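Using my numbering, read the sequence shown as starting at -18 and increasing by one per residue.
A virtual CB, placed ideally from N, CA and C, is assigned to each residue, including glycine.
Predicted model, so just to flag it, every value in this text is computed and none were measured.
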Amino acid sequence: MRSLITGGAGFIGSHLAEVLLERGDEVYVIDDLSTGSILNIEHLKTNPEFNYTIDSVMNYPVIAELVDRCDVIFHLAAAVGVNLIIEDPVRTISTNIRGTEIVLELSVKKHKKVVLASTSEVYGKTPKVPFCEGDDLVLGPTNMGRWSYACSKAIDEFLAIAWWKQYSLPVVIVRLFNTVGPRQTGRYGMVIPRLIEQALAGEPITVYGSGEQSRSFAYVKDIVDAIVKLSEAERAVGEIFNLGSDEEITIGELARRVKEAAGSDSEIVNISYDEAYEEGFEDVLRRVPDISKAREYIGFEPKVKLAGILRKTVEYMRE
Ligand code: UDP
-18 MRSLITGGAG FIGSHLAEVL LERGDEVYVI DDLSTGSILN IEHLKTNPEF NYTIDSVMNY
42 PVIAELVDRC DVIFHLAAAV GVNLIIEDPV RTISTNIRGT EIVLELSVKK HKKVVLASTS
102 EVYGKTPKVP FCEGDDLVLG PTNMGRWSYA CSKAIDEFLA IAWWKQYSLP VVIVRLFNTV
162 GPRQTGRYGM VIPRLIEQAL AGEPITVYGS GEQSRSFAYV KDIVDAIVKL SEAERAVGEI
222 FNLGSDEEIT IGELARRVKE AAGSDSEIVN ISYDEAYEEG FEDVLRRVPD ISKAREYIGF
282 EPKVKLAGIL RKTVEYMRE
């Protein structure tokens, strides 16, 4: 197989590239290094089956050539991270929508399969937990930057489904929940690398809001393995899948576990959302996936639990 990964120098994309190379694929990566990094793919450059292009997913002729060359497209390129989204909503919306339009449009011409990476953020602040793929999406007002990300990714999903229904483009949509592991940076907001960095530096560990909000964290390798399996499953075409862990933890408790895993003396401090993000910022209070659909289709089971995730990530960040 020849596989294209848009956003392949990102945290998840670079892990996906590794797994596809192990499968024996010829792998093509395109990334504009906006939130990705050349360091993420440095170790892959010597592999003759690995090819990369530093360019934007919005560069139509470049994407056209890459889509032409490949059998399957993993579309991961997107503006991500709560910090970035709030600071630059224009870029978030245009990268996420225009980039996906280009990938889908070109893939349909050549009848290539597309795996679209979406996000648990599309569920927004729905109070119903756990989240199922068929649930309603509950988003906040349009003057709150945060929701532009959810909305742009929901449009991506609508587009993918529309191309499938109207033009039989084979698409698989994966809604990724909080995913963690080596090479993830805390620079764009992601909580675990941020807190570990603070703990290792002996700086205050920052818990936003009351710390009673919860998330569930999956290990990146479990997630990329599932993405590959779904791309191979014939009956997954035209379907949406939650991928993540269902081991729920409050952020307050997470901070205590990070402190312990890092053997740190840092104090844990609470910071208001207004101070951390923007005035009127609304957080998602609970976020847990129902993963029974992925379990049924591909036997998905997140193997690495939170304790293992923290141990591996602390080890990596210490190095
Ligand atoms: N968070 C925190 N301290 C930080 C960064 C994030 O308490 O330094 C909180 C954030 O407010 C949210 C949770 O951790 O409730 C997860 O944040 P992240 O940005 O990693 O992902 P989200 O699930 O919000 O997209």
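Non-local beta-carbon contacts of Ala180 in its own chain, meaning distances under 7 Å to residues more than five positions away in sequence, involve Ile186, Val239, Lys240, Ala243, Ser245, Ser247 in chain order.
With respect to Val48, Lys91 sits close: the two C-beta atoms are nearer than 8 Å. Under DSSP, the beta-bridge partners assigned to Gly105 are Val119. Pairing Leu140 with Glu82 gives a Cβ-Cβ distance under 8 Å. Apart from sequence neighbours up to five positions away, the residues of its chain that approach Val0 with a beta-carbon distance below 6 Å are Val205, Val209, ordered along the chain. Of the heavy atoms belonging to ligand 1, none sits nearer than 7 Å to the Cβ of Met298. In summary, Cys113 is exposed, with fewer than 16 beta-carbon neighbours lying within 10 Å of its beta-carbon over all protein chains present. When C-beta atoms of the region 115 to 135 are compared with those of the region 189 to 207, fewer than three pairs fall below 8 Å, so the two segments do not count as touching. In this structure, ligand 1 has no non-hydrogen atom nearer than 7 Å to the beta-carbon of Met(-18). In this structure the region 37 to 52 touches the region 68 to 88; the number of beta carbon pairs closer than 8 Å is three or more. Listed in chain order, the non-local C-beta contacts of Trp145 below 6 Å within the same chain comprise Val152, Gly219, local neighbours out to five positions each way being set aside.
For Lys286, there is no enclosing beta strand (DSSP E), as DSSP gives it neither H nor E. Beta-bridge analysis with DSSP links Phe31 to Val8. Between Asn21 and Phe(-8), the CB-CB gap stays under 8 Å.
DSSP places Ser99 inside the beta strand (DSSP E), whose first and last residues are 94 to 100. For Asn251, the three-state secondary structure derived from DSSP is strand.
Taking 4 residues as the minimum length, the alpha helix (DSSP H) runs contained wholly in the region 116 to 178 are 127 to 148, in order along the chain. The residues Asp227, Val269, Pro270, Asp271, in chain order, have a CB closer than 7 Å to that of Pro111 in the same chain once the five nearest residues on each side in sequence are set aside.
Look at Thr294: its beta carbon is at least 7 Å from all of the heavy atoms in ligand 1. Spatial neighbours of Val61 in its own chain (CB-CB distance under 7 Å, excluding positions within 5 residues in sequence) are listed in chain order as Thr16, Tyr169. Per DSSP, the beta bridge partners of His56 are Thr(-13), Leu97.
DSSP places Asn77 inside the alpha helix (DSSP H), whose first and last residues are 70 to 91. At the C-beta level, Ala275 and Phe198 stay beyond 8 Å of one another.
In the structure shown, Ile22 falls within a helical segment according to DSSP collapsed to helix, strand and coil.
Ranked by how close their Cα comes to the Cα of Gly190, the residues Ser18, Met39, Ile249 have Ile249 in first place.
Below 8 Å, enough C-beta pairs join the region 155 to 174 and the region 288 to 298 to call them touching: three or more. Where Val188 is concerned, there is no enclosing alpha helix (DSSP H), although the beta strand (DSSP E) around it starts and stops at 186 to 189. Out of Val53, Gly121, Arg127, the CA that lies nearest to the CA of Val71 is found in Arg127.
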